[in-house]
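In terms of my numbering, the sequence shown opens at residue 528 and continues consecutively.
Virtual Cβ for every residue (Gly too), placed ideally from N, Cα, C.
Structure, as C-alpha coordinates:
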Amino acid sequence: PFVENQVRSGVISFGLSSYGYDIRVADEFKVFTNINSTVIDPKAFDPRSFVDLKTDVCIVPPNSFALARTIEYFRIPRDVLTVCLGKSTYARCGIIVNVTPFEPEWEGTATLEISNTTPIPAKIYANEGIAQVLFFQSDEPCHTSYRDKKGKYQAQVEVTLPRI
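Encoded structure:
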(Lines of atoms letter the chains of each structure in order from A and count residues from 1; the text may use other names and numbers.)
(Lines give C-alpha, C1' and ligand atoms only; values in the text may rest on other atoms or scores of the structure.)
Protein backbone atom coordinates (compact mmCIF):
# COMPACT_ATOMS: atom_id res chain seq x y z
CA PRO A 1 0.00 0.00 0.00
CA PHE A 2 1.31 3.41 -1.08
CA VAL A 3 1.72 6.06 1.65
CA GLU A 4 1.61 9.47 -0.04
CA ASN A 5 3.40 11.36 2.72
CA GLN A 6 6.19 10.53 5.13
CA VAL A 7 5.09 9.06 8.47
CA ARG A 8 7.62 9.99 11.14
CA SER A 9 5.99 10.20 14.56
CA GLY A 10 7.05 7.43 16.97
CA VAL A 11 8.22 5.07 14.20
CA ILE A 12 11.15 4.58 11.86
CA SER A 13 9.91 6.77 9.01
CA PHE A 14 8.24 5.42 5.89
CA GLY A 15 6.30 6.69 2.88
CA LEU A 16 6.95 9.19 0.12
CA SER A 17 10.08 11.30 0.66
CA SER A 18 11.72 14.11 -1.30
CA TYR A 19 13.26 11.96 -4.05
CA GLY A 20 12.25 8.43 -3.20
CA TYR A 21 10.02 6.16 -1.20
CA ASP A 22 10.83 4.77 2.26
CA ILE A 23 9.68 1.14 2.25
CA ARG A 24 8.38 -0.84 5.22
CA VAL A 25 9.41 -4.30 6.31
CA ALA A 26 6.59 -6.85 6.70
CA ASP A 27 6.22 -9.08 9.77
CA GLU A 28 7.64 -12.20 8.04
CA PHE A 29 11.31 -13.01 8.63
CA LYS A 30 13.73 -15.82 7.87
CA VAL A 31 16.61 -15.69 10.37
CA PHE A 32 19.79 -17.70 9.81
CA THR A 33 20.42 -20.60 12.17
CA ASN A 34 23.19 -23.17 12.43
CA ILE A 35 21.17 -25.81 14.32
CA ASN A 36 20.97 -28.02 11.22
CA SER A 37 24.67 -27.67 10.30
CA THR A 38 23.87 -26.68 6.73
CA VAL A 39 26.21 -24.93 4.31
CA ILE A 40 25.06 -21.82 2.44
CA ASP A 41 25.12 -22.66 -1.25
CA PRO A 42 23.39 -20.24 -3.65
CA LYS A 43 23.11 -23.03 -6.25
CA ALA A 44 21.50 -25.51 -3.86
CA PHE A 45 20.02 -23.46 -1.05
CA ASP A 46 18.84 -25.46 1.96
CA PRO A 47 15.75 -23.82 3.52
CA ARG A 48 16.73 -25.42 6.86
CA SER A 49 19.36 -22.65 7.08
CA PHE A 50 16.63 -20.36 8.37
CA VAL A 51 14.06 -20.21 11.13
CA ASP A 52 10.74 -18.69 9.99
CA LEU A 53 9.26 -16.00 12.23
CA LYS A 54 6.07 -13.95 12.07
CA THR A 55 6.51 -11.14 14.57
CA ASP A 56 6.26 -7.38 15.14
CA VAL A 57 9.88 -7.27 16.37
CA CYS A 58 12.52 -9.56 14.91
CA ILE A 59 15.72 -10.11 16.88
CA VAL A 60 18.66 -10.71 14.54
CA PRO A 61 21.45 -12.51 16.42
CA PRO A 62 24.95 -10.98 16.63
CA ASN A 63 26.93 -11.14 13.39
CA SER A 64 24.00 -12.82 11.71
CA PHE A 65 21.59 -12.35 8.85
CA ALA A 66 17.88 -12.39 8.07
CA LEU A 67 15.64 -12.16 5.05
CA ALA A 68 12.38 -10.25 5.04
CA ARG A 69 10.10 -8.60 2.48
CA THR A 70 8.48 -5.27 1.88
CA ILE A 71 4.85 -4.53 2.66
CA GLU A 72 4.71 -2.56 -0.58
CA TYR A 73 4.12 -4.29 -3.92
CA PHE A 74 5.94 -2.61 -6.81
CA ARG A 75 5.27 -2.44 -10.56
CA ILE A 76 8.26 -0.78 -12.18
CA PRO A 77 7.68 0.96 -15.54
CA ARG A 78 9.73 -0.06 -18.59
CA ASP A 79 11.76 3.18 -18.48
CA VAL A 80 12.57 3.12 -14.73
CA LEU A 81 15.30 1.44 -12.67
CA THR A 82 15.49 1.65 -8.87
CA VAL A 83 18.31 1.56 -6.37
CA CYS A 84 17.56 0.90 -2.71
CA LEU A 85 19.63 2.02 0.27
CA GLY A 86 19.26 1.21 3.95
CA LYS A 87 17.88 3.87 6.28
CA SER A 88 20.39 5.77 8.40
CA THR A 89 18.55 4.86 11.62
CA TYR A 90 19.42 1.19 11.13
CA ALA A 91 22.84 1.86 9.56
CA ARG A 92 23.89 3.79 12.68
CA CYS A 93 23.01 0.70 14.74
CA GLY A 94 25.18 -1.60 12.62
CA ILE A 95 22.24 -2.99 10.65
CA ILE A 96 22.95 -3.14 6.92
CA VAL A 97 20.01 -3.55 4.55
CA ASN A 98 20.78 -4.79 1.06
CA VAL A 99 18.20 -4.80 -1.72
CA THR A 100 19.03 -5.58 -5.33
CA PRO A 101 17.82 -3.11 -7.99
CA PHE A 102 14.23 -3.29 -9.24
CA GLU A 103 14.71 -3.68 -12.98
CA PRO A 104 12.38 -2.23 -15.63
CA GLU A 105 9.03 -4.10 -15.63
CA TRP A 106 9.86 -6.11 -12.51
CA GLU A 107 6.95 -6.43 -10.13
CA GLY A 108 6.42 -7.89 -6.68
CA THR A 109 7.29 -7.40 -3.05
CA ALA A 110 11.02 -6.94 -2.58
CA THR A 111 13.04 -9.46 -0.60
CA LEU A 112 15.22 -7.61 1.91
CA GLU A 113 18.62 -8.85 3.06
CA ILE A 114 19.37 -7.68 6.60
CA SER A 115 22.81 -8.05 8.23
CA ASN A 116 23.54 -7.45 11.90
CA THR A 117 27.22 -6.49 11.86
CA THR A 118 27.40 -5.96 15.63
CA PRO A 119 28.46 -8.37 18.40
CA ILE A 120 25.05 -7.95 20.11
CA PRO A 121 21.46 -8.82 19.12
CA ALA A 122 19.56 -6.22 17.08
CA LYS A 123 15.85 -5.42 16.76
CA ILE A 124 14.06 -4.96 13.44
CA TYR A 125 10.60 -3.37 13.72
CA ALA A 126 7.97 -4.79 11.37
CA ASN A 127 5.55 -2.38 9.67
CA GLU A 128 8.07 0.48 9.93
CA GLY A 129 10.63 1.96 7.54
CA ILE A 130 13.77 0.00 6.69
CA ALA A 131 15.17 1.37 3.41
CA GLN A 132 14.68 4.03 0.74
CA VAL A 133 13.98 3.27 -2.91
CA LEU A 134 15.34 5.81 -5.40
CA PHE A 135 13.75 5.88 -8.87
CA PHE A 136 15.74 6.68 -12.00
CA GLN A 137 13.86 7.35 -15.23
CA SER A 138 15.57 6.83 -18.58
CA ASP A 139 15.00 8.98 -21.65
CA GLU A 140 13.74 5.88 -23.44
CA PRO A 141 12.38 2.44 -22.50
CA CYS A 142 14.87 -0.38 -22.03
CA HIS A 143 15.50 -2.84 -24.85
CA THR A 144 14.86 -5.98 -22.76
CA SER A 145 12.90 -5.74 -19.52
CA TYR A 146 12.78 -8.09 -16.55
CA ARG A 147 9.37 -9.26 -17.73
CA ASP A 148 10.71 -9.84 -21.28
CA LYS A 149 13.43 -12.14 -19.97
CA LYS A 150 10.95 -13.91 -17.67
CA GLY A 151 12.92 -13.09 -14.52
CA LYS A 152 12.85 -15.76 -11.82
CA TYR A 153 11.71 -13.36 -9.09
CA GLN A 154 8.85 -11.82 -11.09
CA ALA A 155 5.61 -11.31 -9.10
CA GLN A 156 7.04 -12.66 -5.83
CA VAL A 157 4.81 -11.95 -2.82
CA GLU A 158 6.73 -13.62 -0.02
CA VAL A 159 10.28 -13.80 1.29
CA THR A 160 11.98 -15.55 -1.62
CA LEU A 161 15.07 -17.73 -1.27
CA PRO A 162 17.78 -17.89 -3.98
CA ARG A 163 16.75 -19.53 -7.25
CA ILE A 164 18.94 -20.85 -10.06
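Identity of the residue in the options nearest residue i by Cα
i           : options               : result
residue 633 : 605, 643, 657 and 668 : 605
residue 560 : 603, 616, 594 and 637 : 594
residue 562 : 578, 571, 548 and 691 : 578
residue 645 : 570, 586 and 537      : 586
residue 546 : 670, 662 and 690      : 662
residue 603 : 685, 664, 540 and 686 : 664
residue 647 : 571, 540, 588 and 677 : 588
Same chain, Cβ closer than 8 Å to residue i, neighbours up to 5 away in sequence not counted
i           : result
residue 628 : 608, 609, 610 and 611
residue 583 : 554, 652, 653 and 654
residue 565 : 573, 575 and 576
Contact set for residue i: own chain, Cβ-Cβ below 6 Å, skip 5 residues either direction
i           : result
residue 625 : 640
residue 630 : 673
residue 548 : 660
residue 679 : 690
residue 569 : 689
Distance CB(residue i)-CB(residue j) smaller than 8 Å
i           : j           : result
residue 544 : residue 659 : yes
residue 653 : residue 534 : no
residue 528 : residue 688 : no
residue 683 : residue 638 : yes
Same chain, Cβ closer than 7 Å to residue i, five either side skipped, listed in chain order
i           : result
residue 581 : 554 and 555
residue 532 : 542 and 543
Cβ distance (whole Å) where residue i is taken to contact residue j below 8 Å
i           : j           : result
residue 550 : residue 597 : 5 Å
residue 542 : residue 558 : With 8 Å as the limit, residue 542 and residue 558 do not qualify as a contact, their Cβ atoms being about 27 Å apart.
residue 643 : residue 622 : 6 Å
residue 600 : residue 635 : 7 Å
residue 620 : residue 649 : 6 Å
Distance cut-off 7 Å: residue i Cβ against heavy atoms of the ligand GDP
i           : result
residue 555 : Looking for the ligand GDP in the displayed structure turns up nothing, as the structure carries no ligands at all.
Item to check | Complete beta strand (DSSP E) runs within the segment 585-667 (minimum length 3 residues, chain order) | outcome: 592-602, 607-613, 622-625, 634-643, 649-652 and 656-664
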